[in-house]
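Numbering (the UniProt record's numbering), first residue to last: 1 to 219.
Following this line, the structure appears as structure tokens:
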């Protein structure tokens with residue numbers, strides 16, 4: 001059974017569809033980061049394991065989910081809980097990790113409509129990805145929120161960022177550790193109705209994420 005860590009903050013409308021589409025052999029670990037809309041109860045009712053995370057921040061939720069994931073199957077996936085990704089993509093991302101042809105597989109988002117990924121968010125992502133390629137030589141074009149790796153390897157990186165800089169810190173650390181990093185295209189859908197983006201939905205949210213990520217690159 002491969003655990004899928006779902007960092008979650010007020011994603012109750014998205015969870016039933018998302019959890020129902022988990023492929024055979026994949027099990028959701030919802031890292032609830034202080035939701036006030038009943039996300040934790042919805043997740044439990046849909047059969048997911050729920051971890052309550054008191055420390056705010058995307059990185060805090062992902063880290064708590066990794067700690068809670070089952071170490072017996074060392075491969076773990078991470079994916080947003082807002083319905084923007086189809087869990088059916090997960091076996092394709094986990095495949096190279098299981099085959100030991102990659103140490104980290106990251107999704108390169110391909111928007112299915114203009115609503116999926118606002119222009120301001122795309123521009124911020126592209127700027128950071130270009131700088132990352134220059135800094136680490138990793139073949140990545142997206143600081144994306146869907147990925148697969150080995151749980152033990154991720155924890156061994158000892159990542160410190162607990163906010164929006166976490167995905168970028170992971171890639172920087174992977175580059176320094178000389179990990180084999182593979183980027184695969186994944187469809188990026190509009191998030192579920194009734195949910196609200198904490199990053200791409202507003203210019204302010206995107207600016208905060210870019211600020212956190214620039215701080216990672218400045219270290």
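Virtual Cβ for every residue (Gly too), placed ideally from N, Cα, C.
- DSSP places residue 169 in the helix class (H, G or I) of the three-state scheme.
- Following the DSSP letters along the chain, one finds residue 59 in no beta strand (DSSP E) but inside the alpha helix (DSSP H) bounded by residues 58-68.
- Under the Cβ criterion (8 Å, minimum of three pairs), the region 171-178 counts as touching the region 127-139.
- Inter-residue distance for residue 37 and residue 52 is about 14 Å (C-alpha atoms, whole angstroms).
- When DSSP states are grouped into helix, strand and coil, residue 7 belongs to the strand group.
- Taking the C-beta atoms as reference points, residue 16 is found no nearer than 7 Å to residue 31.
- The residues 79, 146, in chain order, have a CB closer than 6 Å to that of residue 85 in the same chain once the five nearest residues on each side in sequence are set aside.
- Nearest to residue 109 by C-alpha distance, out of 165, 100, 129, 96, is 129.
- In the DSSP assignment, residue 107 falls within the beta strand (DSSP E) that extends over 104-111.
- In the three-state reduction of the DSSP assignment, residue 141 falls in the coil class, being assigned neither a helical nor a strand state.
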